[in-house]
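Worksheet: one structure, shown below.
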Amino acid sequence: MALSIPSTLKLAHLKHIAFKCGISSSGTKPILTQRLHDEITSVSPRGSKTKPSRILSIDMGIRNLAYCVLDVPPKEAPIIKAWQRLAVSSPPSDSGSTLAVKESFTPATLSCTAYELLRHRLLLLKPTHILIERQRFRSMGSKHILEWTVRVNMFESILYGVLYTLKGEKIWDGSVEAIAPGKVGPFWIDEERKEKGRKAKGAKAKNKGAKIDLVRQWLEDGEMLSLGSEEVQGVAKAYREKWDGKRYSKVKDGEERMGKLDDLADSMLQGLAWVRWEENKRVALRDGVEVLLEPERS
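Position 251 of the sequence shown, counting from 1, maps to 251 under UniProt numbering, and the rest follow consecutively.
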């Protein structure tokens with residue numbers, strides 16, 4: 001289907017359209033126009049009623065990894081089929097030797113972990129699309145690259161390597177998408193709230209709290225998604241109870257709870273954001289990109 005992007009649209013309009021589609025908004029007007037055209041016209045086809053798209057959204061971590069599996073029917077809200085937080089590797093003990101700690105993150109060890117995780121757990125869920133949170137090369141804007149960052153980036157690369165190998169060997173037939181985490185949060189949390197969070201003390205915790213609250217709201221009202229099994233309902237119930245009870249916990253326990261809920265929230269928000277981005281691309285392809293500039297269009 002042909003796509004025409006009017007030359008009368010200003011750069012700010014193009015950036016807003018890119019934002020609604022999860023597309024990078026950097027570059028000059030001609031560069032952004034071409035990028036929008038390329039990515040919107042290559043949008044993935046909508047799943048059918050007999051075979052809905054199944055999204056596996058992974059919130060990356062080298063010790064803990066959260067994932068959310070969403071079935072996306074053509075005209076219904078997404079259905080959560082699985083929602084878990086896994087201990088990928090155990091943290092080193094205080095009594096362990098330095099050598100043992102380093103060996104637990106060698107390329108060979110991480111390769112084995114990645115293969116076992118994908119081949120014998122995640123791919124058994126039969127996803128059609130796998131979304132992997134893109135890892136940063138630096139932490140908090142630091143000019144230094146931390147050893148932990150290198151480890152996570154290495155694990156991320158190995159996951160891609162395993163997936164593309166399995167795809168090439170015809171063991172799995174799906175697509176892999178890298179998702180920039182900086183695009184997911186702002187898509188769901190309005191800008192005004194975001195700006196207030198930046199100026200407030202403990203901005204990072206406030207942003208985490210906003211995301212966790214949003215997911216809890218979705219779980220309660222059932223408008224954005226539905227729960228697909230008793231196991232998922234149990235996870236959702238535990239999620240709500242942990243968040244509601246966090247204020248009564250000790251500081252350390254409260255931080256651990258916040259971390260667990262944050263990982264689960266991120267995996268769901270990432271999956272639902274990608275679903276919405278893809279739908280917005282289809283709408284733009286069908287009705288024109290200008291429709292995404294309408295205020296009520298999220």
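Note that CB positions come from ideal geometry on N, CA and C, so glycine has one too.
Check                                                                                                                                                    : Outcome
Hey, would you say MET224 sits closer than 8 Å to LEU272, going by beta carbons?                                                                         : yes
Is the separation between the beta-carbon of HIS129 and that of SER175 shorter than 8 Å?                                                                 : yes
So ASP71 is in the beta strand (DSSP E); what residue range does that whole segment cover?                                                               : 64-72
Please state if the CB of GLU156 and the CB of ILE132 are separated by a distance shorter than 8 Å.                                                      : yes
Are the beta-carbon atoms of LEU124 and MET154 separated by less than 8 Å?                                                                               : no
Should VAL215 be labelled buried (16 or more other beta-carbon atoms within 10 Å of its own) or exposed?                                                 : buried
Less than 7 Å between the CB of GLN34 and some heavy atom of the ligand FMN, yes or no?                                                                  : As presented, the structure is devoid of all ligands, the ligand FMN included, so that no description of it is given.
Taking the continuous beta strand (DSSP E) assigned at ALA178, which residues delimit it?                                                                : 175-179
What first and last residue would you give for the alpha helix (DSSP H) that runs through ARG151?                                                        : 147-168
Please confirm whether PRO78 and VAL275 have their CB atoms less than 8 Å apart.                                                                         : yes
According to DSSP, is LYS29 part of a helix, a strand, or is it coil?                                                                                    : helix
If you run the structure through DSSP and keep just helix, strand and coil, what is ALA284?                                                              : helix
Can you name, in chain order, every residue of its own chain whose Cβ lies under 7 Å from the Cβ of GLU278, other than the five neighbours on each side? : VAL43, SER44
Let me check one thing: in DSSP terms, what residues is ARG85 bridge-paired to?                                                                          : ALA66
Check this for me: beta carbons of ILE212 and LEU261, under 8 Å apart or not?                                                                            : yes
Roughly how many whole angstroms lie between the Cα atoms of ASN207 and LEU285?                                                                          : 33 Å
Could you tell me which residues DSSP puts in a beta bridge with HIS129?                                                                                 : ILE55, SER175
For ILE171, count the other beta carbons within 10 Å of its own beta carbon; 16 or more makes it buried, fewer makes it exposed. Which is it?            : exposed
Helix or strand or just coil, what does DSSP make of ILE17?                                                                                              : helix
Identify the residues that DSSP records as bridge partners of ILE79: which are they?                                                                     : ASP71, SER226
Counting C-beta neighbours from all protein chains within 10 Å, is the total for SER57 16 or more, i.e. buried, or is it exposed?                        : buried
On the criterion of 16 or more Cβ atoms from any shown chain inside 10 Å, does SER95 qualify as buried, or is it exposed?                                : Only weak support is given to the placement of SER95: the predicted model assigns it a pLDDT of 48, under 50, and the value that follows is read from those uncertain coordinates. Result: exposed.
State the start and end residues of the unbroken alpha helix (DSSP H) segment that holds GLY113.                                                         : Checking the sequence shown, residue 113 turns out to be Thr, not Gly. That run of the alpha helix (DSSP H) goes 107-117.
Are the Cβ atoms of ARG85 and ALA108 separated by less than 8 Å?                                                                                         : no
Is PRO6 helix, strand or coil by DSSP?                                                                                                                   : coil
Going by DSSP in three states, GLU241 sits in which element: helix, strand or coil?                                                                      : helix
Write down the C-beta distance between ARG54 and LYS126 rounded to the nearest angstrom, noting that I regard them as a contact closer than 8 Å.         : 6 Å
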